[in-house]
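Below is one structure, written out as structure tokens; comments come after it.
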Amino acid sequence: MSEKFDPSAFLSKIIGQPVIVKLSSGLEFHGDLQSIDGFMNVVLEDTKEYNKGKLTKTYADAFIRGNNVMYISQA
Amino acid sequence: MSEKFDPSAFLSKIIGQPVIVKLSSGLEFHGDLQSIDGFMNVVLEDTKEYNKGKLTKTYADAFIRGNNVMYISQA
Amino acid sequence: MSEKFDPSAFLSKIIGQPVIVKLSSGLEFHGDLQSIDGFMNVVLEDTKEYNKGKLTKTYADAFIRGNNVMYISQA
Amino acid sequence: MSEKFDPSAFLSKIIGQPVIVKLSSGLEFHGDLQSIDGFMNVVLEDTKEYNKGKLTKTYADAFIRGNNVMYISQA
Amino acid sequence: MSEKFDPSAFLSKIIGQPVIVKLSSGLEFHGDLQSIDGFMNVVLEDTKEYNKGKLTKTYADAFIRGNNVMYISQA
Amino acid sequence: MSEKFDPSAFLSKIIGQPVIVKLSSGLEFHGDLQSIDGFMNVVLEDTKEYNKGKLTKTYADAFIRGNNVMYISQA
Amino acid sequence: MSEKFDPSAFLSKIIGQPVIVKLSSGLEFHGDLQSIDGFMNVVLEDTKEYNKGKLTKTYADAFIRGNNVMYISQA
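Going down the list, the protein sequences come from chains F, G, D, Z, U, P and E. For what it's worth, the UniProt record's numbering labels the leading residue of the first sequence as 1, then goes sequentially. For what it's worth, the UniProt record's numbering labels the leading residue of the second sequence as 1, then goes sequentially. For what it's worth, the UniProt record's numbering labels the leading residue of the third sequence as 1, then goes sequentially. For what it's worth, the UniProt record's numbering labels the leading residue of the fourth sequence as 1, then goes sequentially. For what it's worth, the UniProt record's numbering labels the leading residue of the fifth sequence as 1, then goes sequentially. For what it's worth, the UniProt record's numbering labels the leading residue of the sixth sequence as 1, then goes sequentially. For what it's worth, the UniProt record's numbering labels the leading residue of the seventh sequence as 1, then goes sequentially.
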């Protein structure tokens, strides 16, 4: 990824792709990035929740509130 | 859910549906999503409160303050 | 409560009614909802304070600062 | 107190009266409410500081920063 | 102090006087209140730092960031 | 670096360079600083995640949310 | 320092001088104050990181995010 993106451009580039969303609490959500807004609120599709590496829940879709997000990375 | 929604559109789409609201403290509220506003304040109907998976309380209606919300998912 | 309220309309509907106000710290206040403002600051009348289910204090009136509020439910 | 006050009106009504100011940290300050502003910053006169019910300090006047305040009640 | 001050007037009244600044972390700073601004940022002169009542450090001048301040009282 | 930069000028000067991003939680991310915005949101390329000095994860690219950032230093 | 400075004037007065920056987490950074902005974001040169009094790291330059800063004092 040599092209220069500003952070929000990076996020819109990975819409629809599988991502990992880690929260400040340590919880991790794996799913397809359905949408994201300026407050870092995230909607994931086919979401799996992991706690300390263990699968704890699955959801069709999950709305994750931005202010808990620590980082988002491509899965 | 292949259509593209932005996060708040996602939320209004699930008004009236059974949802799970998880707070940063770990508490979970199960109920019908009655309404939600721009601050993520949520009103649930026929609400059940779970603490570490155990049912701890039931309410007719509960107003949950947005800044405690970690995520909202369809039940 | 089938009518659709937005969260703040819900709150004004329960003014004067007995409510439970739970704080992020876990403290609970039971009393009559005297008034509430846009910051979720709450004034309760005939207030009882509970800590882990035990009655710890009673007040004539108590002003509770909004940013500590986790949820408000009808008693 | 049957008259309807909004929260800030309640606070101005109790200026000059003995109050208890409880902070999110659990510390309690007992004193006469000298003044309060829109950020919930409080000045108390003849202030006593309690920690878990034990008197730990006394001050002539103390300025308490609003964002630590959990609740204010009439003593 | 029977005259009525609003909180910020109280603070400007004690400029130059010895004060105690307690932080939310429990640390205490004793020194002469050199200046304070609207964010509660404080500059103290001849500052002594106390941790649980024990003198831990002294500084010529210290700039203390407002959002950590719990209370300020006259020494 | 004797020239005078204001903090944001410093950050843009190190775009493209290897940096260490430490979060308030203690997690460290090592990678090339791809971009940064006014909220301190950071995108790193070829990212390595360290927890207490141990390599815990690697990502192609990671978006790190600004409000968790404690400091950024040149690697 | 008898002259009266407001806090931000104090900070600009000590630009270029050796300072100690203490974070709310307890970490301390010693270095030359290269620059500071209105959000209390700080750039230090020749930076040493101390944890509980022990030297843990050194950096050429470090950008420290303002909202973690507890106090800044002249070294």
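We put the beta carbon where it would ideally sit given N, CA and C, even for glycine. Computed from a prediction, not measured in an experiment: that's the story for all the values here.
| Query | Result |
| --- | --- |
| Between the alpha carbons of residue 11(Z) and residue 67(F), how many angstroms are there, rounded? | 31 Å |
| Determine, using beta-carbon pairs with one atom in the stretch 41-51 of chain Z and one in the stretch 31-38 of chain D, whether at least three such pairs fall under 8 Å. | no |
| By DSSP, does residue 9(Z) sit in helix, in strand, or in coil? | helix |
| Against chain U, with Cβ distances strictly below 8 Å, would residue 7(Z) count as a contact? | no |
| Under 8 Å Cβ-Cβ, which residues of chain F neighbour residue 69(G)? | 65 |
| Using a Cβ-Cβ cut-off of 6 Å (strictly less than) and excluding sequence neighbours within five positions of residue 1(F), which residues of its own chain qualify? | Here residue 1(F) scores only 40 on pLDDT, less than 50, and its place in the model should not be relied on; the value that follows carries that caveat. Result list for residue 1(F): empty, nothing under 6 Å. |
| Where does residue 58(D) land, buried or exposed, given buried means 16+ other C-beta within 10 angstroms? | exposed |
| When you compare each of 55(F), 16(F), 65(F) and 21(F) to residue 40(G) by their alpha carbons, which one comes out closest? | 65(F) |
| Within 8 Å (strictly less), CB to CB, does residue 4(U) reach chain E? | Its pLDDT being 48, under 50, residue 4(U) is placed unreliably in this model, and the coordinates cannot settle the point. |
| Out of curiosity, what's the CA-to-CA distance linking residue 43(U) and residue 18(E)? | 17 Å |
| For residue 25(U), would you say it is in contact with chain E, using Cβ-to-Cβ distances shorter than 8 Å as the test? | yes |
| Sort out for me which residues DSSP pairs residue 48(E) with in a bridge. | 30(E) and 58(E) |
| Would you report the Cα separation of residue 117(E) and residue 74(E), rounded to the nearest angstrom? | In this structure chain E extends from 1 to 75, so residue 117(E) is not present and cannot be described. |
| Check whether the Cβ of residue 11(F) lies closer than 8 Å to any Cβ atom in chain P. | yes |
| How is the beta strand (DSSP E) around residue 70(Z) delimited, first residue to last? | 69-74 |
| Taking the alpha-carbon positions, what's the residue 62(F) to residue 63(P) distance? | 19 Å |
| At a Cβ threshold of 8 Å, is residue 41(E) touching chain P? | yes |
| Roughly how many angstroms lie between the CA atoms of residue 72(D) and residue 22(D), to the nearest whole one? | 6 Å |
| Please list, in chain order, the chain D residues whose beta carbon lies closer than 7 Å to that of residue 50(G). | Within 7 Å Cβ-Cβ: nothing; residue 50(G) doesn't reach chain D, min ~13 Å. |
| Just to confirm before moving on: does the CB-CB distance between residue 6(Z) and residue 16(Z) stay below 8 Å? | no |
| Spatial neighbours of residue 56(U) within its chain, please: C-beta separation below 6 Å, excluding the five flanking residues on both sides. | 49 |
| Got a sec, what are the start and stop residues for the beta strand (DSSP E) residue 15(G) sits in? | Neither: residue 15(G) is in no beta strand (DSSP E) and is coded neither H nor E. |
| Just grab the DSSP bridge partners of residue 24(P) for me. | Paired residue(s): none; residue 24(P) is not in a bridge. |
| What does residue 36(U) reach in chain E if we use C-beta pairs closer than 9 Å? | 6 and 7 |
| Taking just the CA atoms, how far does residue 27(Z) sit from residue 24(P)? | 26 Å |
| For residue 47(D) and residue 20(D), what's the separation of their Cα atoms in angstroms? | 10 Å |
| Quick one: which chain F residues come within Cβ less than 7 Å of residue 62(P)? | 71 and 73 |
| Taking only beta-carbon positions, decide if residue 18(Z) is within less than 8 Å of chain U. | no |
| Could you give the distance in angstroms between the alpha-carbon of residue 9(Z) and the alpha-carbon of residue 8(G)? | 35 Å |
| Bridge partners of residue 39(F), per DSSP? | Paired residues: none, contrary to the question. |
| Expressed to the nearest angstrom, what Euclidean distance is found between the alpha-carbon atoms of residue 60(F) and residue 30(G)? | 16 Å |
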